[in-house]
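Visitor: I am attaching a structure below and will ask some questions about it afterwards.
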Amino acid sequence: MSGVSLARAATVAALIGTVVSTGLAAPASAAAKPSPACTWQAQAVAAPAGLDPQYASVTGVDGLGGYSGYYAPNSGDITLLRWTGGVPERLAPPAGVNWVFPRDENRAGTILVDGMNTATGARQVFTLSRAGAYHALPIPAGLTHASGAAINNRGDVVASARRSSDNRNVVVLWEALSTGAGPRVLDVPEASHPTAEDVDEDGSVLVSGGYEVFVWRDGVTTRLPEPAGAVVGRAISDGLVVGQGYAAPAQSYVWDSRGGKVVYPERGRTAEGINRDGLIAGERVDGPAAVWQGSTFLAELPALDGRPGRPQLVADDGSVFGETFEPGSVPVRWSCR
Numbered sequence: 658m659s660g661v662s663l664a665r666a667a668t669v670a671a672l673i674g675t676v677v678s679t680g681l682a683a684p685a686s687a688a689a690k691p692s693p694a695c696t697w698q699a700q701a702v703a704a705p706a707g708l709d710p711q712y713a714s715v716t717g718v719d720g721l722g723g724y725s726g727y728y729a730p731n732s733g734d735i736t737l738l739r740w741t742g743g744v745p746e747r748l749a750p751p752a753g754v755n756w757v758f759p760r761d762e763n764r765a766g767t768i769l770v771d772g773m774n775t776a777t778g779a780r781q782v783f784t785l786s787r788a789g790a791y792h793a794l795p796i797p798a799g800l801t802h803a804s805g806a807a808i809n810n811r812g813d814v815v816a817s818a819r820r821s822s823d824n825r826n827v828v829v830l831w832e833a834l835s836t837g838a839g840p841r842v843l844d845v846p847e848a849s850h851p852t853a854e855d856v857d858e859d860g861s862v863l864v865s866g867g868y869e870v871f872v873w874r875d876g877v878t879t880r881l882p883e884p885a886g887a888v889v890g891r892a893i894s895d896g897l898v899v900g901q902g903y904a905a906p907a908q909s910y911v912w913d914s915r916g917g918k919v920v921y922p923e924r925g926r927t928a929e930g931i932n933r934d935g936l937i938a939g940e941r942v943d944g945p946a947a948v949w950q951g952s953t954f955l956a957e958l959p960a961l962d963g964r965p966g967r968p969q970l971v972a973d974d975g976s977v978f979g980e981t982f983e984p985g986s987v988p989v990r991w992s993c994r
C-alpha cells in the first residue's frame, strides 16, 4: 500500500540537496466498496491551526478513517502529521534526526518515515507506531542512501538503497514474519535501476527500474508484459498492479501480476492508487480525476471549490486522497456517500 504523495514528494526530494551538501478476478477480501447509488464529494484536508493548507500533504492512510502526512513550507522544514477524525496532530521526529519525510501508513496506524541528521548526512528508515514509538530498521552493511517506499498491513516494509561496492540501486525488504535472518536485499537484475514502489499483503514487491515494471514474488521476478515502451508502476494490491505507459497515446493499465492479464481503464491516462477491492483512482485522458473498477469507469471526482484535483492514494475504506491544482494546491479527500 504505497503512500507517497507523488507530485509533492518529487518536489521535496529534488530539494534535499539544498539541505545536505553531499478481465480480472475480483479480490477475495471483503471491504467497504462505494455504493453504486452514492455520490462522490470533495472535502479539504485540514492543516494545523493557523498554518497554510497549501503546504500540507497526505502520504499514508490506515483505511479506517485515519491518515498521515506532513506540513512543509520548505524542504528543510518538514513536520510529521497524523489526522484522527480529520483533526491534524503534529508528531515529533526521532531522536537525533532533524529532517523527516513520511512515506506510507498501514492499518495499524504505523507510519513509515525517512529520517536524516543534516549535520552528518546519516540517513535511516523508521517505523512510527500509533502510540508514538519509533523503531529504526536495520540497514544491511554495504548499503547507503536508504529511502522507504511502503509498508503493508502485516508490517512488511520495502525501501530502496544504494550498494557501495558498485553504486547500484537495490531493493531492501524487511519481513514482519521473518525468522530473524534480517532484511532481504533484492538486486532484481532484470531492472536497470531497481527502485521499490510498493509491497502487497503477501510480501510481493512492486519494483520499477528505468521505466520498466516488475513484481518480485517469492524469489521470482515477473516483468509487466504490456504496454510497450516506457512504463511506471504506482501501486499493487491483491496482485493487481496499476500504473501508466508513456508511449503515445499515454494510457493507464491494470496488470494481474499473478494471472498475467493486462486491461486498460476506460479513457484512463494515469492510475495512481488501488485498494484491496480493486478501486482505482487516476486521471482521464481529457483531464478530470476519476475512479474505476478494473477497466470499468465509475465516476469523475468533483472539483473542490472549483479547483480540479489529482488523486494519489486510495484507502481500503473507499476514500481517495490527492491535491488540487489551478490555482493553488491543497490536500483533498474524496468520499462517496
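For the sequence shown, the working numbering assigns the number 658 to the initial residue and increments by one for each residue that follows. All residues carry an ideal CB built from backbone N, CA and C; glycine is no exception.
Between the stretch 693-700 and the stretch 715-728, do three or more beta carbon pairs fall short of 8 Å?
Guide: No, the stretch 693-700 does not touch the stretch 715-728.
Visitor: At the level of alpha carbons, what is the spacing between A682 and A729?
Guide: Position 25 of the sequence shown, counted from the first residue, corresponds to residue 682. Position 72 of the sequence shown, counted from the first residue, corresponds to residue 729. Residue confidence for A682 is low, a pLDDT of 41 falling below 50, so the modelled location carries little weight and cannot support an answer.
Visitor: Pick out whichever of N809, V989, D974, P922 has its Cα sitting closest to the Cα of T784.
Guide: Numbered from its first residue, the sequence shown carries residue 784 at position 127. Measuring from the Cα of T784, the nearest candidate turns out to be N809.
Visitor: Ignoring anything shorter than 3 residues or poking outside the stretch 780-818, list the beta strand (DSSP E) runs there in chain order.
Guide: You should have 791-793, 800-808.
Visitor: Go through the stretch 867-947 residue by residue and report every complete run of the beta strand (DSSP E) that reaches 3 residues or more, in order.
Guide: Taking only runs of at least 3 residues, the beta strand (DSSP E) segments lying wholly in the stretch 867-947 are 870-874, 877-880, 888-894, 897-902, 908-913, 925-931, 936-941.
Visitor: Any heavy atom of the ligand SAH closer than 7 Å to the beta-carbon of P882?
Guide: This structure lacks the ligand SAH, and indeed carries no ligand of any kind.
Visitor: P851 by DSSP, collapsed to three states: which one?
Guide: The count along the sequence shown starts at 1 and reaches residue 851 at position 194. Note: P851 maps to coil in three-state DSSP.
Visitor: Can you tell me the Cβ-Cβ gap for V948 and R924, rounded? I've got them flagged as a contact below 8 Å.
Guide: Counting from 1 along the sequence shown, the entry for residue 948 is found at position 291. Counting from 1 along the sequence shown, the entry for residue 924 is found at position 267. Not really, about 13 Å apart at Cβ, beyond 8 Å.
Visitor: Can you tell me where the beta strand (DSSP E) with V842 in it begins and where it stops?
Guide: What you label residue 842 is simply residue 185 of the sequence shown in a count that begins at 1. Taken as a continuous stretch (DSSP letters only), the beta strand (DSSP E) holding V842 covers 841-843.
Visitor: Look at the alpha carbon of F758 and the alpha carbon of S725, and state the distance between them as a whole number of angstroms.
Guide: Stepping through the sequence shown from its first residue, residue 758 is reached at position 101. Stepping through the sequence shown from its first residue, residue 725 is reached at position 68. Using only the alpha carbons, I get a separation of about 11 Å.
Visitor: Just to confirm, is the Cβ distance from V987 to A701 under 8 Å?
Guide: Walking along the sequence shown from the start, residue 987 turns up at place 330. Walking along the sequence shown from the start, residue 701 turns up at place 44. Yes, these two residues count as a Cβ contact at 8 Å.
Visitor: Can you tell me which of the three DSSP states P750 falls into?
Guide: Residue numbering aside, residue 750 sits at position 93 when the sequence shown is read from its first letter. Here P750 sits in coil by DSSP.
Visitor: Counting only the same chain and skipping the five closest in sequence on each side, list residues whose C-beta sits under 8 Å from that of T767.
Guide: Walking along the sequence shown from the start, residue 767 turns up at place 110. The answer, listed in chain order, is T784, L785, S786, R787, I808, G812.
Visitor: Under 8 Å, do V845 and Y868 count as touching if we go by C-beta distance?
Guide: Translated into the one-based positions of the sequence shown, residue 845 becomes position 188. Translated into the one-based positions of the sequence shown, residue 868 becomes position 211. Not closer than 8 Å, so no.
Visitor: Closest to R841 by C-alpha separation, out of P851, H802, H850, I796, would be which residue?
Guide: The residue you call residue 841 lines up with position 184 of the sequence shown. It is I796 whose Cα lies nearest to the Cα of R841.
Visitor: Decide if S678 is buried, meaning its Cβ has at least 16 other Cβ atoms within 10 Å, or exposed.
Guide: Taking the first residue of the sequence shown as 1, we reach residue 678 at position 21. In this predicted model, S678 has a pLDDT of only 33, less than 50, meaning its place in the structure is not dependable enough to derive any value.
Visitor: Tell me which same chain residues have a C-beta within less than 8 Å of the C-beta of A972, skipping the five on either side of it?
Guide: Locating residue 972 in the sequence shown gives position 315, where the first residue counts as 1. For A972, where only same-chain residues beyond five positions count, the Cβ hits under 8 Å are V718, D719, G720, Y724, N932, F978.
Visitor: Taking the Cβ atom as the reference point for each residue, do P751 and Y791 lie within a distance shorter than 8 Å?
Guide: Within the sequence shown, residue 751 is the residue found at index 94, counting from 1. Within the sequence shown, residue 791 is the residue found at index 134, counting from 1. Yes; because the gap between Cβ atoms is below 8 Å, this pair is in contact.
Visitor: Rounded to a whole number of angstroms, what is the C-alpha to C-alpha distance between P705 and V829?
Guide: Numbered from its first residue, the sequence shown carries residue 705 at position 48. Numbered from its first residue, the sequence shown carries residue 829 at position 172. Taking the straight line joining both Cα atoms gives about 34 Å.
Visitor: I think V870 touches V898, with their Cβ atoms under 8 Å apart; what is that distance to the nearest whole Å?
Guide: Counting from one through the sequence shown, the residue named residue 870 turns up at place 213. Counting from one through the sequence shown, the residue named residue 898 turns up at place 241. Right, their Cβ atoms sit about 7 Å apart.
Visitor: Where R994 and R964 are concerned, what is the direct C-alpha to C-alpha distance, given to the nearest angstrom?
Guide: Your numbering for residue 994 matches position 337 in the sequence shown. Your numbering for residue 964 matches position 307 in the sequence shown. R994 and R964: Cα-Cα distance of roughly 21 Å.
Visitor: Can you tell me whether DSSP reads P710 as helix, strand or coil?
Guide: As a position in the sequence shown, residue 710 is number 53, starting the count at 1. Of the three classes helix, strand and coil, the one that applies to P710 here is helix, per DSSP.
Visitor: When burial is assigned at 16 or more other CB atoms within 10 Å of the CB, is A904 buried or exposed?
Guide: Taking the sequence shown and counting its residues from 1, the one referred to as residue 904 is at position 247. Result: exposed.
Visitor: Spatial neighbours of N826 within its chain, please: CB distance less than 7 Å, with the 5 preceding and 5 following residues excluded, ordered by chain position.
Guide: Taking the sequence shown and counting its residues from 1, the one referred to as residue 826 is at position 169. Result list for N826: S817, R819, H850, P851, T852, in chain order.
Visitor: Quick one: what's got a C-beta closer than 7 Å to T879's C-beta in the same chain, skipping five residues either side?
Guide: Counted from its first residue, the sequence shown places residue 879 at position 222. Same-chain partners within the cutoff: F871, V872, S914.
Visitor: Would you kindly work out how many angstroms separate the C-alpha atoms of D734 and T775, rounded to a whole number?
Guide: Start at 1 with the first residue of the sequence shown, and residue 734 comes out as number 77. Start at 1 with the first residue of the sequence shown, and residue 775 comes out as number 118. The alpha-carbon atoms of D734 and T775 are separated by roughly 12 Å.
Visitor: Quick one: measure Cβ to Cβ for E929 and G939, integer angstroms, because I've assumed they're closer than 8 Å.
Guide: Sequence index remark: in the sequence shown, residue 929 carries index 272 (1-based). Sequence index remark: in the sequence shown, residue 939 carries index 282 (1-based). Contact holds; Cβ gap of about 5 Å.
Visitor: Helix or strand or just coil, what does DSSP make of C993?
Guide: Counted from its first residue, the sequence shown places residue 993 at position 336. Here C993 sits in strand by DSSP.
Visitor: Tell me I768's beta-bridge partners as DSSP assigns them.
Guide: Taking the first residue of the sequence shown as position 1, residue 768 is located at position 111. Beta-bridge pairing links I768 to E762, L785.
Visitor: Compute the Euclidean distance between the alpha carbons of L794 and S992, then round it to the nearest angstrom.
Guide: Locating residue 794 in the sequence shown gives position 137, counting from the first residue. Locating residue 992 in the sequence shown gives position 335, counting from the first residue. One C-alpha to the other measures close to 34 Å.
Visitor: Can you give the Cα-Cα distance for D974 and P884, rounded to whole angstroms?
Guide: Here residue 974 refers to the residue found at position 317 of the sequence shown. Here residue 884 refers to the residue found at position 227 of the sequence shown. When rounded, the distance between both Cα atoms is 30 Å.
Visitor: Thinking C-alpha only, which one of A833, P984, F982, V989 is nearest S976?
Guide: Position 319 of the sequence shown, counted from the first residue, corresponds to residue 976. The residue with the shortest Cα to Cα distance from S976 is V989.
Visitor: Within 10 Å of its beta-carbon, does N824 have 16 or more other beta-carbons around it, so buried, or fewer, so exposed?
Guide: Translated into the one-based positions of the sequence shown, residue 824 becomes position 167. So N824 counts as exposed.
Visitor: How would you write the range of the beta strand (DSSP E) that G726 sits in, first residue to last?
Guide: Counting from one through the sequence shown, the residue named residue 726 turns up at place 69. Segment 724-731, the beta strand (DSSP E) holding G726.
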